[in-house]
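Report on the structure given below.
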Amino acid sequence: MSEKTSKTTRGAAKLALAAVFMFSFGYLLVPLYDVFCDLTGLRFTDEEAVALTPQELQEDSSRLVTIQFDVSMNQGMSWQVKPEMREMKVHPGRVYTTFYSARNKTVDEMVGQAVPSVAPIAANKYLVKTECFCFDNQTIAAGETVNMPLSFMLNPRLPPNVNLVTLSYTFFDITKNVSTANQLDSALAYK
Amino acid sequence: MQFVVTPNFSTSWKANQTLIASLAVLSFGMALAFAAHGLWMILPFVGLEITALTAGLYWCCLKATRREVISIDADYITVAVGRDHVVQTTQFQTAWTKIVLKPSPVAAHPGQLVLRSKGKELEVGAFLSQDERLELSTSIRSALSNVVYS
Amino acid sequence: MFAIKRLNAWLGLAFISVVSGSALAAGQPINMTPGVTDISAEVYDMHMIAFWLCVVIAIIVFGVMFYSIFAHRKSRGVTPATFHESTTIEAIWTIIPFVVLIALSIPATKTLIDMYDTSDYDMTVKITGYQWLWHYEYVEDGVDFHSKLHTPNSQINNDEEKGENYLLEVDNELVLPVGKKVRFLITSNDVIHAWWVPDLAVKKDAVPGFINEAWARANEPGIYRGQCAELCGRHHGFMPVVVRVVPEAEYKQWVVENAKPESATEYAAISE
Amino acid sequence: MSTVAAGDHHDHPESPYSIKRWLFTTNHKDIGTLYLWFAFIMFLIGGVMALVIRTELFQPGLQFVDPQFFNSMTTMHAIMMIFGVVMPAFTGLANWLIPMMIGAPDMALPRMNNWSFWILPFAFAMMLSTLFMDGGGPAGGWTLYPPLTLQTGDALPFVILSMHFMGLSSIMGAINVVATVLNMRAPGMTLMKMPLFVWTWLITAYLLIAVMPVLAGGITMLLTDKYFGTSFFNAAGGGDPVMFQHIFWFFGHPEVYILILPSFGVVSSIIPTFARKPLFGYASMVYATGAIAFLSFIVWAHHMFTVGMPLAGELFFMFATMLIAVPTGVKIFNWIATMWRGAMTFETPMLFALGFIVMFSIGGFSGLMLALAPVDFQYHDTYFVVAHFHYVLVPGSIFAIIAAVYYWLPKWCGNMYSEGLGKTHFWLSTIFVNLTFFPMHFVGLAGMPRRIPDYALQFSDYNMMATIGAFGFGLSQLLFLVLVIKAIRSGNKATSQVWEDAEGLEWTLPSPAPYHSFSTPPAIK
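Chains as they are written, first to last, in the numbering used here: chain A, 1 to 191; chain B, 1 to 150; chain C, 1 to 272; chain D, 1 to 525.
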């Protein structure tokens with residue numbers, strides 16, 4: 001009888017070990033993936049994918065492309081944002097700068113995040129933003145208006161049939177997320 | 001006189017490994033592709049699942065390579081059970097041993113084939129079907145009746 | 001037993017009459033609209049080609065099957081054949097569908113490429129989906145307004161006779177000039193919606209944070225109705241789209257009447 | 001060291017009818033039975049949900065339910081029917097039939113088999129309980145698209161957890177099938193001699209194992225997006241709601257083949273029996289199934305043509321989707337060639353199998369139409385799509401399951417069912433299923449979006465027809481219940497062969513099949 005019991009215990013221990021192994025293996029996969037990416041260099045982001053060679057920086061002055069600026073507010077976002085210009089005619093390969101102005105109409109300080117989107121989809125990876133208010137979140141005090149700069153360039157490899165590009169920003173209210181994150185940070189910093 | 005009783009095993013561990021490998025390549029490939037888009041949470045699930053699949057198939061193969069060796073001589077019946085090496089040996093005195101096919105308490109349920117000796121019982125061929133169990137019991141019985149006692 | 005057999009025979013007959021009857025019984029529309037744009041006409045033609053192709057295939061395949069059911073039944077005392085493969089015939093019925101599919105995909109590819117060509121447009125309308133209404137902004141002409149269901153609750157709750165355009169009427173229609181290539185920029189304020197007008201053959205998802213493109217050039221003035229086509233919550237069934245296509249002069253007049261002075265026009269759609 | 005019960009699948013039940021027997025059983029036949037009854041109960045519950053939907057749609061105007069509850073019904077109806085009916089029913093058939101067909105004594109992993117079944121009732125109880133929660137059940141559609149799904153109230157974590165359980169259950173079932181088919185075939189039963197039902201299930205299990213983690217990962221990310229501040233699908237944090245759709249359909253498209261492939265196997269077993277002629281083109285059937293499974297991995301985005309994909313993407317998914325028609329066509333042609341110059345009789349299983357071929361083909365035709373991307377813009381998210389997938393799932397999968405039950409029931413319980421009632425059941429089901437779903441093609445083409453509780457007046461006649469059909473179809477299934485119970489309790493004794501000329505190892509066993517089936521001829525030296 002005692003032999004049987006010890007056998008059962010050993011079996012259970014083995015099972016527990018297997019469970020621990022499975023869990024840790026599953027958990028480890030994520031860092032392992034990072035290692036995999038570092039080793040193979042397979043991970044890429046959009047910015048890297050269109051990294052420009054010096055040759056591409058050549059301005060193509062023979063071509064004019066219309067770029068249209070647009071903006072939307074997401075649910076609950078009550079800023080008033082408008083682009084300085086509704087549209088520009090640009091040469092691919094040259095950096096242009098424009099700005100959006102944003103006014104926080106509320107009586108509270110708010111943090112917003114602009115998310116860019118490009119139409120047509122085919123043009124997405126050829127629109128290179130060298131400086132953009134969408135790289136960081138934006139904090140605007142109550143009732144204040146700020147001008148937010150945007151520098152961009154169209155990659156000269158933009159498919160020839162595209163002569164109009166729409167760059168649209170959607171603003172999200174992330175005040176709550178940011179304050180939660182800050183609280184978490186400060187809570188952690190104390191320890 | 002010796003009987004080697006073993007369950008049916010239609011492939012090899014190697015074939016099982018091939019299947020696991022093909023699924024692992026497919027699943028990890030998909031999960032890595034998603035992870036490349038920032039959706040890494042599929043990876044751990046794939047890992048867990050492939051582990052479970054491996055464990056399940058491994059256990060199956062382990063079970064399928066089990067053997068029972070029943071040796072009968074004039075003095076003893078020895079039942080050795082194990083996989084690559086003997087894990088458990090049971091001995092009965094041949095003269096005092098009967099092979100019994102116990103009926104199942106439930107209709108349509110297969111019985112148990114046991115070696116019974118002086119109140120001790122040992123089931124053999126539990127993994128067999130009823131037909132095979134019958135066949136095995138007949139063979140053992142005839143072997144027992146042919147034993148020439150010294 | 002006999003009674004059940006007879007019942008089954010009657011049920012078989014009933015089946016045939018139900019299938020044929022249901023197609024003819026009601027006088028309500030049963031097919032896609034050819035629409036009022038060149039693209040929608042192409043789409044309609046392709047739909048009909050695909051449909052008739054399917055009908056022809058069905059007649060051949062089911063014809064063979066029903067002939068077999070009739071002729072090769074045991075009660076006629078036939079003895080079954082024993083053949084069970086033929087590489088030639090299997091190769092034939094793999095290749096023929098393949099060829100048919102290629103033939104079908106050529107016009108589809110052409111139409112799709114046209115649908116994606118938004119160049120040389122005449123005007124842009126930005127469409128934003130809200131739970132549960134649409135916002136339209138005429139980018140060049142400086143007009144913007146919300147458009148929501150106009151059917152009274154009393155009709156929805158069955159307290160009142162339902163009107164002719166029940167659930168397909170809005171307070172502010174999207175007014176477009178005839179013959180002009182209108183580019184739509186489609187996005188959403190909250191969840192995913194889809195803007196759909198069958199007569200224009202335009203259906204595009206409105207995804208929050210993303211901008212989608214579509215276009216239409218209506219050839220005839222008229223009122224064209226559609227609906228939201230992506231589940232967007234409780235009132236998904238109650239956010240219609242109504243487009244009024246008018247002659248260009250009338251459109252220009254409408255813009256003058258509805259344009260807001262520049263100072264008041266914000267490019268941004270301001271959420272309420 | 002007295003008695004040693006060596007084989008672990010060899011627990012002997014105490015008494016044949018105790019609750020413990022069913023709770024702890026590791027026998028493939030018991031578990032198969034449990035799965036099939038579970039599927040039937042879920043079929044009734046999911047069916048009632050469908051009837052709630054159809055009742056509300058009987059006439060224009062809001063009459064019976066709140067739109068939110070209506071959405072909840074469409075969502076739950078789908079989840080119940082897919083994860084609670086079709087998948088468990090096929091797993092039940094697999095449990096009953098695979099060991100018998102390949103000559104194995106039981107499933108390879110009997111204890112896991114028990115767990116994989118008993119997870120299901122808990123999963124569905126949890127899922128159904130969300131209907132009584134604050135904010136109601138899930139109402140964002142079974143596709144769970146964010147951001148809408150994230151608006152669900154307290155129900156969300158419960159729904160996701162229950163879907164995890166359903167996934168876990170089907171993965172365990174799939175591992176079991178793979179292990180059994182691979183390792184437990186009788187000597188001489190080579191892969192290319194296996195009945196097609198076993199083949200289709202092996203491929204189905206492969207698909208299941210490949211895609212279930214994708215669903216699990218996707219829904220977990222929904223959960224972390226809602227409760228742990230991640231932004232996988234939230235544009236504000238750099239995510240993309242459309243990526244969820246990619247994930248979902250990367251799982252979802254193979255999933256729809258998981259729901260249909262075993263039906264192909266069932267029909268491929270039934271047609272040769274009643275045509276008294278061997279299956280035409282066995283090898284090409286196997287390859288066609290493999291080809292369909294392969295294609296199912298590269299066509300997912302055809303569910304999302306309107307979402308705004310690059311042109312190249314649309315074209316790729318359109319071509320790949322159209323290709324599926326080729327192997328599917330091969331299957332249909334092979335079935336018809338099997339019937340050709342046979343000597344056919346039309347018992348109930350054959351009737352359902354013939355109904356399957358015709359009506360599944362109708363679903364296939366509309367599927368081909370839907371594959372054409374530019375035309376899909378007009379079909380997408382309309383009742384045309386609803387008609388399409390109900391044609392492949394109801395007179396497709398469900399008819400195949402019913403055909404399988406009629407075909408193997410005598411083997412399972414030892415008694416014949418009533419042929420007359422069976423035929424009545426077939427004709428009633430066929431009439432009503434067409435009355436329900438055929439008019440949906442019309443309203444869909446005429447412009448009625450799916451998932452709406454109220455509709456414009458020009459859609460009213462066909463909706464009324466569909467509702468009448470739905471009630472008729474639902475009630476006809478009660479006849480099926482009566483018939484099955486009658487066959488289990490009484491009825492003429494079946495011979496072991498049951499059907500004249502039926503091929504397959506299962507028909508060499510006595511009817512009803514003994515508790516542990518088969519010969520694994522041992523190496524007795």
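A virtual CB, placed ideally from N, CA and C, is assigned to each residue, including glycine.
Kindly say whether Q113 (chain A), judged by its beta-carbon, lies nearer than 9 angstroms to any beta-carbon of chain D. yes
Would you list the residues sitting across from C228 (chain C) in a DSSP beta bridge? C:W195
How far does the beta strand (DSSP E) with P240 (chain C) in it extend, from its first residue to its last? P240 to V246
Please check the pair I171 (chain D) and L148 (chain D), which I expect to be a contact at CB under 8 angstroms, by giving their CB distance rounded to whole angstroms. With 8 angstroms as the limit, I171 (chain D) and L148 (chain D) do not qualify as a contact, their Cβ atoms being about 27 angstroms apart.
Judging by CA-CA distance, which residue of B:S117, B:G119 and B:L53 is the nearest neighbour of L109 (chain D)? B:L53
Minimum length 4: unbroken alpha helix (DSSP H) runs contained in the segment 389 to 472 of chain D: 399 to 413 and 419 to 445
State buried or exposed for A21 (chain B), treating a residue as buried only when at least 16 other CB atoms are found within 10 Å of its CB. exposed
I need the straight-line Cα distance from E68 (chain B) to R10 (chain A), nearest angstrom please. 23 angstroms
Just verifying my parser: in three-state terms, what is the DSSP assignment at E272 (chain C)? With a pLDDT of 33 at E272 (chain C), under the threshold of 50, the modelled position of that residue is not reliable, and the figure given next carries that caveat. Coil at E272 (chain C), not helix or strand.
Determine whether the Cβ of T220 (chain D) lies closer than 9 angstroms to any Cβ atom of chain B. yes
Counted within 10 angstroms of its Cβ, other Cβ atoms place T200 (chain D) as buried (16 or more) or exposed: buried
Are any of the Cβ atoms in chain D nearer than 9 angstroms to that of S129 (chain B)? yes
I'd like to know if W507 (chain D) contacts chain C, where contact means its C-beta is closer than 9 angstroms to some C-beta of that chain. no
In this structure, how does DSSP classify P349 (chain D) when only helix, strand and coil are distinguished? helix
Output the distance between the C-alpha atoms of I53 (chain D) and N158 (chain C), rounded to the nearest integer angstrom. 18 angstroms
List the residues that DSSP assigns as beta-bridge partners of F91 (chain B). This sequence places Gln at residue 91 (chain B); Phe is not what is there. According to DSSP, Q91 (chain B) bridges with B:T78.
Beta carbon proximity, A123 (chain D) to chain B, threshold 9 angstroms: no
Under a CB-based cut-off of 9 angstroms, is F21 (chain A) close to chain D? no
Three or more C-beta pairs closer than 8 angstroms, one from the segment 70 to 80 of chain C and one from the segment 336 to 354 of chain D: is that the case here? yes
Taking any Cβ of chain D, which residues in the segment 22 to 47 of chain B have a Cβ under 9 angstroms from it, in chain order? S22, L23, L26, S27, M30, A31, F34, H37, G38, L39, W40, M41, I42, L43, P44, F45, V46 and G47
DSSP state of M46 (chain C), grouped into three classes? helix
Of all the CB atoms in chain C, is at least one closer than 9 angstroms to the CB of N177 (chain A)? no
When DSSP builds the beta bridges, which residues end up paired with H135 (chain C)? C:T128 and C:H146
In terms of residues, what are the limits of the alpha helix (DSSP H) holding N113 (chain D)? P110 to S129
Looking only at its chain, what residues have a beta carbon closer than 8 angstroms to the beta carbon of G29 (chain B), apart from the 5 residues adjacent to it on each side? none
Give a yes or no on whether 9 angstroms exceeds the smallest Cβ distance from S10 (chain B) to chain D. yes
Please classify G229 (chain D) as buried or exposed, where buried requires at least 16 neighbouring CB atoms within 10 angstroms. exposed
Enumerate, from N- to C-terminal direction, the unbroken beta strand (DSSP E) stretches of 3 or more residues contained entirely within the segment 131 to 188 of chain A. 138 to 140, 145 to 154 and 164 to 173
Between I144 (chain B) and T94 (chain B), what straight-line distance do the alpha-carbon atoms span, to the nearest angstrom? According to the sequence shown, residue 144 (chain B) is Leu rather than Ile. Rounded to the nearest angstrom, the two C-alpha atoms are 8 angstroms apart.
If you draw a straight line from the alpha carbon of F250 (chain D) to that of P121 (chain D), how long is it in whole angstroms? 27 angstroms
So does the segment 106 to 113 of chain A actually touch the segment 159 to 167 of chain C, counting three or more Cβ pairs closer than 8 angstroms? no
Same chain only: Cβ atoms within 7 angstroms of A218 (chain C), ignoring 5 sequence neighbours per side: V36, T37, L176, V178, L200 and V245
At the level of alpha carbons, what is the spacing between V86 (chain D) and Y35 (chain D)? 10 angstroms
For E213 (chain C), which beta-bridge partners are listed by DSSP? C:L185
Taking L311 (chain D) as the query, report the chain A residues whose CB atoms sit under 9 angstroms from its CB, ordered along the chain. P120, I121 and A122
Strand pairing of Y96 (chain A), partner residues [DSSP]: A:F152
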